[in-house]
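First comes the structure, then the notes that go with it.
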Amino acid sequence: MSDVEEAVTRAHRDEWARVVAALTRRFGDLDIAEEAAAEAFATAVERWRAGGVPPNPGAWLTTTATRKAIDRIRRENKRDDRQKEAQMVYDNTPPEPLGAIDDERLRLIFTCCHPALAMEARVALTLRMVGGLTVPEIARAFLVQETAMEKRITRAKAKIKAARIPYRIPSAEDLPARISGVLAALFLVFNEGYLATGSGTEPVRHDLTAEAIRLTRLIRALMPDNGEAAGLLALMLLTEARRTARVSSSGELVSLDEQVRGGWDAALIAEGHRLVRERLAAAAAGEAPGRYQILAAINAVHTSARDIRDTDWSQVVALYDQLVHLDPSPIIALNRAIAVAELDGPEVALAAVDSLEHRLAGYHAYHTTRADLLRRLGRSQQSRAAYDKAIELAGNTAETAYLTRRRDQLR
Amino acid sequence: MQYLVSVIDDKSNPGSTDRQPAISAFNERLIAQGYWVFAGGLADTEAATVIDNRGEQAVFSDGPFVESKEYLAGVWVWEAPDLDVALKLAAEASKVCDRKIEVRPFQ
Numbered sequence: 003m004s005d006v007e008e009a010v011t012r013a014h015r016d017e018w019a020r021v022v023a024a025l026t027r028r029f030g031d032l033d034i035a036e037e038a039a040a041e042a043f044a045t046a047v048e049r050w051r052a053g054g055v056p057p058n059p060g061a062w063l064t065t066t067a068t069r070k071a072i073d074r075i076r077r078e079n080k081r082d083d084r085q086k087e088a089q090m091v092y093d094n095t096p097p098e099p100l101g102a103i104d105d106e107r108l109r110l111i112f113t114c115c116h117p118a119l120a121m122e123a124r125v126a127l128t129l130r131m132v133g134g135l136t137v138p139e140i141a142r143a144f145l146v147q148e149t150a151m152e153k154r155i156t157r158a159k160a161k162i163k164a165a166r167i168p169y170r171i172p173s174a175e176d177l178p179a180r181i182s183g184v185l186a187a188l189f190l191v192f193n194e195g196y197l198a199t200g201s202g203t204e205p206v207r208h209d210l211t212a213e214a215i216r217l218t219r220l221i222r223a224l225m226p227d228n229g230e231a232a233g234l235l236a237l238m239l240l241t242e243a244r245r246t247a248r249v250s251s252s253g254e255l256v257s258l259d260e261q262v263r264g265g266w267d268a269a270l271i272a273e274g275h276r277l278v279r280e281r282l283a284a285a286a287a288g289e290a291p292g293r294y295q296i297l298a299a300i301n302a303v304h305t306s307a308r309d310i311r312d313t314d315w316s317q318v319v320a321l322y323d324q325l326v327h328l329d330p331s332p333i334i335a336l337n338r339a340i341a342v343a344e345l346d347g348p349e350v351a352l353a354a355v356d357s358l359e360h361r362l363a364g365y366h367a368y369h370t371t372r373a374d375l376l377r378r379l380g381r382s383q384q385s386r387a388a389y390d391k392a393i394e395l396a397g398n399t400a401e402t403a404y405l406t407r408r409r410d411q412l413r
Numbered sequence: 159m160q161y162l163v164s165v166i167d168d169k170s171n172p173g174s175t176d177r178q179p180a181i182s183a184f185n186e187r188l189i190a191q192g193y194w195v196f197a198g199g200l201a202d203t204e205a206a207t208v209i210d211n212r213g214e215q216a217v218f219s220d221g222p223f224v225e226s227k228e229y230l231a232g233v234w235v236w237e238a239p240d241l242d243v244a245l246k247l248a249a250e251a252s253k254v255c256d257r258k259i260e261v262r263p264f265q
């Protein structure tokens, strides 16, 4: 990669959200901001090659994008925009200080993750506006036709405009609920990367996990006092740390007990553990932990153990008990049962799993867990049937390969 | 910005019928805070008539334009600075009316 290409790539990573946010603030229109930002980056590729990389790429990009936006508005010269044009012409306010610009990015995130938008629209819009991914990239990530993804994003932007979804940081009273909507969208992006669905895709989509981590880091940096943002970042880091150990060279999922722990990323684990310790201190000081913080703590227990036997399973079960309290979802109950199997044996765990049948019969992990417990209890025939069902429902190629091997090893 | 706020009832599972005093009190507040533009409860959908005069002569048909379990029971028009304000009021309205609420911006 040439120096200029590298500079543009770096600027795209560091400055895209800032440029879009600054333009959205100024022109009050996501569409104009997005298009002008994209044009500015395209112009940068040409200009920087000819004239060199400017000393402050971010400022250059914002200025260029602002000019592009003004050009577009003048070109269209729509009735509605006359007022805006007047405002542009007379807008002599000096560039905002860095702190305020950081807040601009937060505004952008909260607008893209507004609860009046469908979750899939929030995810797509956040990846486009904040993450700077192109529409074809997002479409590929979610196995959706490009035209369908384009439509989804266009529709979301149109709703923001027509219904006047505000471009602002929610009030203190609404903030906890709103931030959880943002974190849920980012967690969805991460999970799609971590356990990619579809027979034609890579089992782990590093581009998506990396993007989710980058955006969660941003939220964490912008809202350092938010415990759940720290919790989600820790959870992602501790999960990502095991990414390469989790899929074998032949493309098969490697279960936790079979993973080579030396292959885990020590730096990510150390960072994740630091965050978990920070949240444990806050919990000790009386701040009740949310679900991401508890999930991160569970992952901290796993990543602290030398092997599966060394794992402090009573601690894991205790954390799941806390989690069940916060989130009564059957998936949490299923994961708790997996830990119970290590503590109290597969028979106790199987009874707990079986009680979830009516709610989880269509979920592959339910059958995977049953298959494994039945195998450990020596009930091969029932185990085989459960593996068959799990293979039928699993959408991830590495997981299917793993389940098939496990089934075929049954005697 | 003005929003059309529709109160949605369900024929198979109607909301409670004793809400009028609470709705009146809520309306008083909407007026006092400057959000109220218009409000009205609607008669049963059976009282509706659909008129189609796009052809040679007007055709009248008895009943609502769409038959469904869920139907429009009443409307408000609110003046609110943005959707967040409208949604917060709508959440209260849903409690007050014991019914679902749709918020839709005017063009």
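Listed in order, the protein sequences are those of chains A and B. Under this note's numbering, the residues of the first sequence are numbered 3 to 413, in order. Under this note's numbering, the residues of the second sequence are numbered 159 to 265, in order. The beta-carbon is built from N, C-alpha and C at its ideal position, and this holds for glycine as well. Here the structure is a predicted model, which is why all the values come from computation and not from measurement.
In chain order, what residues of the same chain have a beta carbon less than 7 Å from the beta carbon of Val-278 of chain A, not counting five sequence neighbours either side? Counted from its first residue, the first sequence places residue 278 of chain A at position 276. Around Val-278 of chain A: Ala-236, Ala-298, Ala-299, Ala-302.
Residues in the segment 35-63 of chain A having any Cβ partner in chain B nearer than 8 Å
none
If you measure between the beta carbons of Ile-393 of chain A and Leu-412 of chain A, is that distance less than 8 Å? Residue mapping note: residue 393 of chain A aligns to position 391 of the first sequence, counting from 1. Residue mapping note: residue 412 of chain A aligns to position 410 of the first sequence, counting from 1. Cβ distance not < 8 Å, so Ile-393 of chain A and Leu-412 of chain A don't count as in contact.
Exercise for review: Consult DSSP for Gly-199 of chain B and reduce its assignment to one of helix, strand or coil.
Suggested key: As a first step, residue 199 of chain B must be located in the second sequence, where it is residue number 41. Residue state, collapsed to three classes: strand.
**Item:** Inter-residue spacing [alpha-carbon to alpha-carbon] between Gly-265 of chain A and Thr-26 of chain A
**Value:** As a position in the first sequence, residue 265 of chain A is number 263, starting the count at 1. As a position in the first sequence, residue 26 of chain A is number 24, starting the count at 1. Between Gly-265 of chain A and Thr-26 of chain A, the C-alpha separation is close to 44 Å.
Does the distance from the C-beta atom of Thr-66 of chain A to that of Ala-42 of chain A stay below 8 Å? Residue 66 of chain A sits at position 64 when you count from the first residue of the first sequence. Residue 42 of chain A sits at position 40 when you count from the first residue of the first sequence. Closer than 8 Å, so yes.
Q | Sub-8 Å separation of Ile-334 of chain A and Tyr-322 of chain A beta-carbons | A | Counting from 1 along the first sequence, the entry for residue 334 of chain A is found at position 332. Counting from 1 along the first sequence, the entry for residue 322 of chain A is found at position 320. Taking 8 Å as the Cβ cut-off, Ile-334 of chain A and Tyr-322 of chain A qualify as a contacting pair.
Pull out every residue of the segment 231-243 of chain B whose Cβ sits closer than 9 Å to any Cβ of chain A, in chain order.
Of all residues in the segment 231-243 of chain B, the ones placed with a Cβ closer than 9 Å to any Cβ belonging to chain A are Ala-238, Pro-239, Asp-240, Leu-241, Asp-242, Val-243, in chain order.
- Message: My assumption, with CB atoms under 8 Å, is that His-14 of chain A sits in contact with Gly-195 of chain A. Please give the rounded CB distance.
- Response: Taking the first residue of the first sequence as 1, we reach residue 14 of chain A at position 12. Taking the first residue of the first sequence as 1, we reach residue 195 of chain A at position 193. Not really, about 19 Å apart at Cβ, beyond 8 Å.
Leu-247 of chain B at chain A interface by Cβ criterion, 8 Å | Working through the second sequence from its first residue, we reach residue 247 of chain B at position 89. No, Leu-247 of chain B lies away from the interface with chain A (no Cβ there is under 8 Å from its Cβ).
- With burial defined as no fewer than 16 other Cβ atoms inside 10 Å of the residue's Cβ, what is the status of Glu-260 of chain B: buried or exposed? Counted from its first residue, the second sequence places residue 260 of chain B at position 102. Exposed.
By a C-beta neighbour count over all protein chains shown, 10 Å radius and 16 as the cutoff for buried, is Asn-228 of chain A buried or exposed?
-> Numbered from 1 along the first sequence, position 226 holds the residue referred to as residue 228 of chain A. With 16 or more Cβ atoms within 10 Å of its Cβ, Asn-228 of chain A is classed as buried.
Sub-8 Å separation of Ala-186 of chain A and Leu-110 of chain A beta-carbons: Numbered from its first residue, the first sequence carries residue 186 of chain A at position 184. Numbered from its first residue, the first sequence carries residue 110 of chain A at position 108. Not closer than 8 Å, so no.
task = Return helix, strand or coil for Met-90 of chain A, following the three-state DSSP convention.
result = As a first step, residue 90 of chain A must be located in the first sequence, where it is residue number 88. Low confidence applies to Met-90 of chain A: its pLDDT is 49, below 50, so where it sits in the model is not reliable enough to give any reading.
From Asp-256 of chain B to Arg-293 of chain A, what does the alpha carbon distance come to, in whole angstroms?
Translated into positions along the second sequence, residue 256 of chain B becomes position 98. Translated into positions along the first sequence, residue 293 of chain A becomes position 291. The straight-line gap from Cα to Cα measures roughly 31 Å.
Same chain, Cβ closer than 6 Å to Asp-33 of chain A, five either side skipped, listed in chain order:
For the purposes of this step, residue 33 of chain A is taken as the residue at position 31 of the first sequence. For Asp-33 of chain A, where only same-chain residues beyond five positions count, the Cβ hits under 6 Å are Lys-159.
>> Residues of the segment 167-192 of chain A in Cβ contact with chain B at a cutoff of 7 Å, in chain order, please.
In response: Correct list: Ile-167, Pro-168.
- Is the CB of Ala-118 of chain A under 8 Å away from at least one CB in chain B? The residue given as residue 118 of chain A occupies position 116 in the first sequence. At least one chain B Cβ lies under 8 Å of Ala-118 of chain A.
- Item | Spatial distance of Met-238 of chain A from Pro-263 of chain B (CA atoms) | Mapped onto the first sequence, residue 238 of chain A falls at position 236. Mapped onto the second sequence, residue 263 of chain B falls at position 105. Answer to the nearest angstrom: the Cα atoms are 38 Å apart.
>> Which complete beta strand (DSSP E) runs does the segment 161-211 of chain B hold, if anything under 3 residues is left out?
In response: 194-199, 207-210
Exercise for review: Kindly indicate which residue of A:Asn-58, A:Val-206, A:Ala-354, A:Leu-395 has the alpha-carbon position closest to the one of Ser-251 of chain A.
Suggested key: The residue given as residue 251 of chain A occupies position 249 in the first sequence. Looking at the Cα atoms, A:Val-206 is the closest of the given residues.
How far does the beta strand (DSSP E) with Ala-231 of chain B in it extend, from its first residue to its last?
Position 73 of the second sequence, counting from 1, holds the residue named residue 231 of chain B. Where Ala-231 of chain B is concerned, the enclosing beta strand (DSSP E) stretches over 228-237.
inquiry  = Once the 5 residues before and after Tyr-389 of chain A are set aside, which same chain residues still bring their CB inside 7 Å of it?
reply    = As a working note, residue 389 of chain A is residue 387 in the first sequence. So the list reads Ala-373, Leu-405, Arg-408, Arg-409, once near-sequence residues are dropped.
*Answer yes or no: does any C-beta atom of chain B fall closer than 8 Å to that of Ala-164 of chain A?*
The count along the first sequence starts at 1 and reaches residue 164 of chain A at position 162. It does: the Cβ of Ala-164 of chain A has a partner Cβ on chain B nearer than 8 Å.
Note to self: Taking 8 Å as the threshold (beta carbon to beta carbon), is Pro-263 of chain B in contact with chain A?
What the structure shows: Numbered from its first residue, the second sequence carries residue 263 of chain B at position 105. Output row for Pro-263 of chain B: interface = yes.
Task: Residues that Val-261 of chain B bridges to, as DSSP identifies them - done: As a position in the second sequence, residue 261 of chain B is number 103, starting the count at 1. Answer is B:Val-163.
* To do: Please classify Ser-219 of chain B: does DSSP put it in a helix, a strand, or coil?
  => Position 61 of the second sequence, counted from the start, is the residue given in the question as residue 219 of chain B. Residue state, collapsed to three classes: strand.
CB contact below 8 Å: Ala-216 of chain B versus chain E: Absent from the structure is chain E; the protein chains it does hold are A and B.
**Prompt:** Between which two residues does the alpha helix (DSSP H) harbouring Pro-178 of chain A extend?
**Reply:** Within the first sequence, numbered from 1, the residue matching residue 178 of chain A stands at position 176. Here the alpha helix (DSSP H) through Pro-178 of chain A covers 177-196.
Quick one: give me the first and last residue of the alpha helix (DSSP H) that Asp-309 of chain A is part of. For the purposes of this step, residue 309 of chain A is taken as the residue at position 307 of the first sequence. Looking at the DSSP string, Asp-309 of chain A is not in any alpha helix (DSSP H), and its letter there is neither H nor E.
Original post:
Do Pro-239 of chain B and Tyr-229 of chain B come within 8 Å of each other at the CB atom, strictly closer than that value?
Top reply: Position 71 of the second sequence holds residue 229 of chain B. Position 81 of the second sequence holds residue 239 of chain B. For Tyr-229 of chain B and Pro-239 of chain B, no; Cβs fall outside 8 Å.
Notebook entry, point to check: Buried or exposed: His-275 of chain A, going by 16 or more other Cβ atoms within 10 Å of its Cβ?
Noted result: Taking the first sequence and counting its residues from 1, the one referred to as residue 275 of chain A is at position 273. Under this definition His-275 of chain A is a buried residue.
Leu-255 of chain A, DSSP secondary structure in three states: Here residue 255 of chain A refers to the residue found at position 253 when the first sequence is read from its first residue. Secondary structure at Leu-255 of chain A: strand, using DSSP grouped into helix, strand and coil.
Report task. Please check the pair Ala-231 of chain B and Val-165 of chain B, which I expect to be a contact at CB under 8 Å, by giving their CB distance rounded to whole angstroms. Result -> As a first step, residue 231 of chain B must be located in the second sequence, where it is residue number 73. As a first step, residue 165 of chain B must be located in the second sequence, where it is residue number 7. Confirmed, about 5 Å.
| So which of B:Glu-225, B:Ala-248, B:Leu-188, B:Asp-242 has the shortest CA-CA distance to Glu-204 of chain B? | One-based indexing of the second sequence puts residue 204 of chain B at position 46. Considering only alpha carbons, the answer is B:Glu-225.
Need the endpoints of the alpha helix (DSSP H) that Pro-291 of chain A sits in, please. As a first step, residue 291 of chain A must be located in the first sequence, where it is residue number 289. Looking at the DSSP string, Pro-291 of chain A is not in any alpha helix (DSSP H), and its letter there is neither H nor E.
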